[in-house]
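Scroll down for the structure; my scribbles are underneath it.
Written as structure tokens, this is what we have:
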């Protein structure tokens, strides 16, 4: 397993080269000229040239590409071109608010989703199953923006049950501000979660070993919880763990409407202002997080299914 | 003993209590202005901030030599850190300022013993050299670029090595501790406006050196409010500067100010409130709901909520008036337009084509659709409120006349649009941008012109304009200072892209007259010339002129002295909160 982990970690290297290449190409071909954004509406050709020199954008493309690779490997992304803030500090400051909304929402929606799925799998084909399936599809058909607009207006404004917006750093100061966004997160996630978990559980329920268990006289609930759920864990782990990197990156709309200073907003601002160092940092961070969490899911497979060996 | 029902009821009650405890109550023991910013703050360093959002926050802490009088209109410059308006030499090139001798920087660890020292002329010189320093990449350098004798040379000399701030620059001198002298390379009366802008705010060298690149997060100024380190990026808290110099609320304003209660605090020491809390809320619904919950003291009415608030006769809906909410509607200093790229031979020497397009465009309908019918139609580039705007001037092409437009189009050489290729209109890809693009395209179709619309991100759109790749695009210009020169320079040939003249209009007669106007002091002759230039541009039509927009605000009645200004820098020092009224009115929310 040790060799497998080392091998997978080494995969990060070509992936970073690839990610850097893609963002470099996108930045140079698709993104706007950052000097226009940085110098504003009065920029002159001379000022833009000076700035290009200062930012190192006049150097050969290969040098510029390797600069990106270097900062990706050292995790030193410097300062934002736009805000002049240190990017590592921006990420640290933004990750906490993002996680404080996404993590509780994610954990609760995963647990709730799993419980509901087990229940509907148990009552498969009956009224409760149909109702839950219809509710999930109906819930998923409504855009996330509609949920946010309505919940903010109704629960925060009309009923005054929550803060309309804002964020305070530190526990428990942030609690009043994350309650409503977390609830919305749960509602947004629960539909797809239940549908996925239900499908996975039902796939298992018709396996031969379940028939054998029934023949042995085990109760349906024991079969579900002890055998089916355990065997369904592999796709469930993949599904859950692969979502983890996106929790750190934040939920753009939720953060924006509830004025939560998370990473979603930082990324959006960077994209809107051609703030390349920040875009670069966020892209590299996502890629690395994705690899690490997919490795984690592989390791977790061996925990849930000892037959799996990582080589 | 306890039934399921009882447990359920208790749980619901407990949850409700918990949730109700989640919403905060306002503190009424001190005067606090609750402010909301519609955009994230880019920087709190004066030389790096170039938009109204960060400028508003910065100007609570930092100050400049001059400022706009809080009440007088038209906008009038008055001394701020200067003790009087500058003495201008006869040739109009040298400006000598005397500084106040009671201005001190805020107490901060950057100073000896943490005690703020007196501000002197060297601080002014240092602050302006910081703006000029190429290594600082200031987007405000355009303000002084080429304007002060020797400053460009100083900038070039130190562009790639450590700057020597002690080196004397001929055009920027500290004569003694209380005298600063500026020497211009050529006459430019608008120069004084740059000394009222945040980019030229005075900062102490000690703070810049102590905090280095982190200076943007440590504001150390001379202004009426102080603030701690900028850590929480979604909120700023400013407290009253206890050592602020004697600065009084003005005793005179424009006619009608007294009746409107704007002189109630005349002669009182500033600032009038104890604290300002600025929250950042980038979504219109968030700001709107927050204001209606009394979380913010004033708000700009979102376009989509206009009909809910303002009645057809432009008065306030009584539901809001009953709660003690006031409506304010004021003209902004801006012009919206559709620009034509004059690098394109189709537009270059063919004013009739552009006039035809203007006549095919339903200006009134656009005003209704996009500005709730509150904007003033623009007949030329110069907006109302500044010298050069002529309210009686009517642009003959600013009429919706399809038959007339068709006739003009034929005169332009494209009868029924024949021979004219498909034109491309670029827009910023948001909802309103898309609607405006479709509206323009639909209007042009009526006279046989086919317009393809193309959505862009903001960086893509600006890049296309600066690289002269866009053919037509919708945009607006908001005045940097209250002088028509700031609008007319958008047609000055040497300012062509990547400069501010994105439409690349280059007309020798216009250029000559503009050059003549820019060196003239404010006078009836200059105003006459501005009007002539406005008419000339209206005829040549480098733009399809849109509107001059109105700003529509709501404020709670407990907020006193809130007078609309296009330049709201330092405004909060003049505002007051009537706590008694607030306590009473808060019951309505």
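Chains as they are written, first to last, in this note's numbering: chain A, 1159 to 1469; chain B, 2 to 590.
We treat Cβ as the ideally placed atom computed from N, Cα and C, and that holds for glycine.
Taking the CA atoms as reference points, residue 491 (chain B) sits about 48 angstroms from residue 1447 (chain A). Non-local C-beta neighbours of residue 520 (chain B) in its own chain, meaning closer than 6 angstroms and more than five positions away in sequence, comprise 188, ordered along the chain.
Where residue 1343 (chain A) is concerned, the enclosing alpha helix (DSSP H) starts and stops at 1333-1363. According to DSSP, residue 552 (chain B) shares a beta bridge with B:331. By the criterion of at least three beta-carbon pairs nearer than 8 angstroms, the stretch 1168-1188 of chain A is not in contact with the stretch 124-143 of chain B. The DSSP-derived three-state label of residue 1205 (chain A) is helix.
Contact of residue 1419 (chain A) with chain B by beta-carbon distance below 8 angstroms involves 233, 234, 235, 281. Residues of chain B whose Cβ lies closer than 7 angstroms to the Cβ of residue 1254 (chain A) do not exist; the shortest such Cβ separation is about 11 angstroms. Inter-residue distance for residue 463 (chain B) and residue 438 (chain B) is about 17 angstroms (C-alpha atoms, whole angstroms). Distance from the CA of residue 333 (chain B) to the CA of residue 193 (chain B), rounded to the nearest whole angstrom, comes to 21 angstroms. Proximity of residue 284 (chain B) to chain A, defined by a Cβ-Cβ separation below 8 angstroms, is satisfied. Under the three-state reduction of DSSP, residue 213 (chain B) is assigned to helix. By the rule that beta-carbons nearer than 8 angstroms mark a contact, residue 472 (chain B) does not touch chain A. The alpha-carbon separation between residue 1371 (chain A) and residue 1280 (chain A) amounts to approximately 15 angstroms.
For the C-beta of residue 1199 (chain A), the chain B residues within less than 7 angstroms are, from N- to C-terminus, 501. Taking the beta carbon of residue 138 (chain B) as reference, the chain A residues within 7 angstroms of it are 1196, 1209, 1212, listed in sequence order. Under the three-state reduction of DSSP, residue 544 (chain B) is assigned to strand. As summarised for the stretch 476-550 of chain B, the continuous alpha helix (DSSP H) elements at least 4 residues long and confined to that stretch are 486-489, 509-519, 525-541, given in chain order.
In the same chain as residue 1264 (chain A), and ignoring 5 residues on each side of it, the C-beta atoms closer than 6 angstroms to its own belong to 1405, in chain order.
Under the three-state reduction of DSSP, residue 38 (chain B) is assigned to strand. Only 1423, 1427, 1429, 1430, 1431, 1432 from the stretch 1420-1448 of chain A bring a Cβ to less than 8 angstroms from some Cβ of chain B.
In the structure shown, the three-state DSSP call for residue 457 (chain B) is strand. In chain B, no part has a C-beta under 7 angstroms from the C-beta of residue 1296 (chain A); the shortest such distance is about 24 angstroms. Annotated three-state conformation of residue 246 (chain B) is coil, per DSSP.
Residue 1203 (chain A) reaches chain B at 499, counting residues in chain order whose Cβ is nearer than 7 angstroms. Of all residues in the stretch 458-471 of chain B, the ones placed with a Cβ closer than 9 angstroms to any Cβ belonging to chain A are 458, 459, 460, 461, 462, 463, 464, 465, 466, 467, 468, in chain order. Using a CB distance cut-off of 8 angstroms, residue 41 (chain B) counts as an interface residue toward chain A.
Distances from the alpha-carbon of residue 514 (chain B) to those of B:522, B:369, B:489, B:524 put B:489 closest. Annotation for residue 361 (chain B): 403, 406, 444, 445, 447, 448 place their beta carbon closer than 7 angstroms to its own, counting only its chain and skipping 5 residues before and after. Residue state for residue 1237 (chain A) is assigned as strand, using DSSP reduced to three classes.
Not flagged as an interface residue toward chain B: residue 1463 (chain A), since no C-beta distance is shorter than 8 angstroms.
Linking residue 97 (chain B) to residue 386 (chain B) through their CA atoms gives a straight-line distance of about 29 angstroms. In summary, residue 66 (chain B) is buried, with 16 or more beta-carbon neighbours lying within 10 Å of its beta-carbon over all protein chains present.
Contact between the stretch 541-559 of chain B and the stretch 219-235 of chain B is absent, with fewer than three C-beta pairs closer than 8 angstroms. A residue is called buried when at least 16 other Cβ atoms come within 10 angstroms of its Cβ; residue 423 (chain B) does not meet this threshold and is exposed.
No Cβ-Cβ contact shorter than 8 angstroms links residue 1249 (chain A) with residue 1238 (chain A).
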